[in-house]
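Each residue of the sequence shown is one higher than the one before, counting from 71 in this note's numbering.
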Amino acid sequence: MTSVPSTAPTVAFIPDTTSTRQYVGAWSVLSVLQYFAAEAAVIAAWAGPRPYDLRTGYISDLGALNCGVFDGREVCSPLNWLMNASFVVQGLGMLLGALLLSSGLLRVAAIARTQVQPGRRMPWLAAVAVRLLTGAAGAGTVIVGLVPEDAGSGLHYAGAVIYFVTGAAALLVLGILWLRKTAMAWFILACGVVSAAALVTGGLTGMRVPEPGTLERLMGYPVTVGMATAGLVIAQRVHRHRKQVRAAAGHPF
Numbered sequence: 071m072t073s074v075p076s077t078a079p080t081v082a083f084i085p086d087t088t089s090t091r092q093y094v095g096a097w098s099v100l101s102v103l104q105y106f107a108a109e110a111a112v113i114a115a116w117a118g119p120r121p122y123d124l125r126t127g128y129i130s131d132l133g134a135l136n137c138g139v140f141d142g143r144e145v146c147s148p149l150n151w152l153m154n155a156s157f158v159v160q161g162l163g164m165l166l167g168a169l170l171l172s173s174g175l176l177r178v179a180a181i182a183r184t185q186v187q188p189g190r191r192m193p194w195l196a197a198v199a200v201r202l203l204t205g206a207a208g209a210g211t212v213i214v215g216l217v218p219e220d221a222g223s224g225l226h227y228a229g230a231v232i233y234f235v236t237g238a239a240a241l242l243v244l245g246i247l248w249l250r251k252t253a254m255a256w257f258i259l260a261c262g263v264v265s266a267a268a269l270v271t272g273g274l275t276g277m278r279v280p281e282p283g284t285l286e287r288l289m290g291y292p293v294t295v296g297m298a299t300a301g302l303v304i305a306q307r308v309h310r311h312r313k314q315v316r317a318a319a320g321h322p323f
């Protein structure tokens, strides 16, 4: 008499939304907002013959190492080290977030005590894709900071393209994944759409537009803001659940 092999059903599980790992990962992603403070400080210290114009000036000009004419533009950024350090810190924040935030947590948008049902591969693949794309965007930004535009290497532009492409893609996937899990999904999705649309426009026009600085910022700013929004959503929910668990255990602080 032969026995029929039985297949045990995959057991559903609840992603951990209280671990320090997830909390640190969320704040790492949220830390990308430091970029805006650094950019404002670097612009204020600009020493070019003409004031820096957000509409026409490229972001990378702020990290240029030397004063003079670069690619037909007069650049002089005394605080270039601050801008480049900000790029690196921003990239490391996304890399750390991609490593620390689990796919399960991303799948449920950090909603506490949410059971993940087996058998649905697409949400898992989407969550994994978000982590991979976010990590790639972070790596691209690190390259941008380590290799300024006038360092004589094409790595700077390659890093920028990686950041724009994978950052926008990460937000698009995450926004769709989080629909009906948080109202902020629509905002994250909108950030991805704006960044992707600006990227396509820049590619089709070769950045030969009246306001290249505006167009480049429409590529990059939404990625930074969208990533920070995702980090904020996760940080708030993880913090709330950690607080509830501690209160239940008799340790409210």
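The C-beta atom is built at its ideal place from N, Cα and C for all residues, glycine as well. A quick note: this is a predicted structure, and the numbers were derived from the prediction, not measured.
Point to revise | Among Ala221, Thr211, Ala300, Asp86, the one whose alpha carbon lies nearest that of Lys251 | key: Here the question's residue 251 lines up with position 181 in the sequence shown. Lys251 has its Cα closest to that of Ala300, out of Ala221, Thr211, Ala300, Asp86.
**Study point:** At least 3 beta-carbon pairs within less than 8 Å: the stretch 203-217 vs the stretch 164-177
**Key:** yes
Point to revise | Which listed residue (Gly138, Arg191, Arg307, Cys146) has its alpha carbon closest to that of Ile113 | key: The sequence position of residue 113 within the sequence shown is 43, counting from 1. With distances taken between Cα atoms, Ile113 lies closest to Cys146.
Check your understanding: With Leu214 and Tyr233 assumed to form a contact (beta carbons below 8 Å), what rounded beta-carbon distance in angstroms separates them?
Key -> Position 144 of the sequence shown, counting from 1, holds the residue named residue 214. Position 163 of the sequence shown, counting from 1, holds the residue named residue 233. It should be noted that the sequence gives Val, not Leu, for residue 214. Going by Cβ atoms, the distance from Val214 to Tyr233 rounds to 7 Å, so yes, they are a contact pair.
Review point. In chain order, what residues of the same chain have a beta carbon less than 6 Å from the beta carbon of Thr294, not counting five sequence neighbours either side?
Key: If you number the sequence shown from 1, residue 294 lands on position 224. Closer than 6 Å at Cβ, skipping near neighbours: Val102, Tyr105.
Review point. Below 8 Å, can you find three or more Cβ-Cβ pairs linking the stretch 242-261 to the stretch 176-185?
Key: yes
Review point. According to DSSP, is Gly224 helix, strand or coil?
Key: In the sequence shown, residue 224 corresponds to position 154, counting from 1. If DSSP states are grouped into helix, strand and coil, Gly224 belongs with coil.
**Study point:** Euclidean distance between Cα positions of Met153 and Arg287
**Key:** Along the sequence shown, read from residue 1 onward, the residue named residue 153 stands at position 83. Along the sequence shown, read from residue 1 onward, the residue named residue 287 stands at position 217. When rounded, the distance between both Cα atoms is 15 Å.
**Study point:** Distance CB(Ala117)-CB(Pro148) smaller than 7 Å
**Key:** If you number the sequence shown from 1, residue 117 lands on position 47. If you number the sequence shown from 1, residue 148 lands on position 78. A contact, by the Cβ cut-off of 7 Å.
**Study point:** Val270 vs Gln92 beta-carbon contact at 7 Å
**Key:** The residue given as residue 270 occupies position 200 in the sequence shown. The residue given as residue 92 occupies position 22 in the sequence shown. For Val270 and Gln92, no; Cβs fall outside 7 Å.
Exercise for review: Excluding the 5 residues preceding and the 5 following Val74 in the sequence, name in chain order all residues of the same chain whose CB lies nearer than 7 Å to its CB.
Suggested key: Locating residue 74 in the sequence shown gives position 4, where the first residue counts as 1. Legend: pLDDT at Val74 = 44, less than 50; position of this residue unreliable, no value from coordinates given.
Practice item. Could you tell me the distance, in whole angstroms, from the CA atom of Met297 to the CA atom of Val99? Key: Walking along the sequence shown from the start, residue 297 turns up at place 227. Walking along the sequence shown from the start, residue 99 turns up at place 29. When rounded, the distance between both Cα atoms is 6 Å.
**Study point:** Nearest-angstrom Cβ-Cβ length linking Pro218 and Ala134, presumed shorter than 8 Å
**Key:** For the purposes of this step, residue 218 is identified with residue 148 of the sequence shown, where counting begins at 1. For the purposes of this step, residue 134 is identified with residue 64 of the sequence shown, where counting begins at 1. Their Cβ separation, rounded to whole angstroms, is 6 Å, which keeps Pro218 and Ala134 in contact under 8 Å.
Practice item. Go to Val158, then tell me how far its alpha helix (DSSP H) extends in each direction, as first and last residue. Key: Within the sequence shown, residue 158 is the residue found at index 88, counting from 1. Start and end: 150-170.
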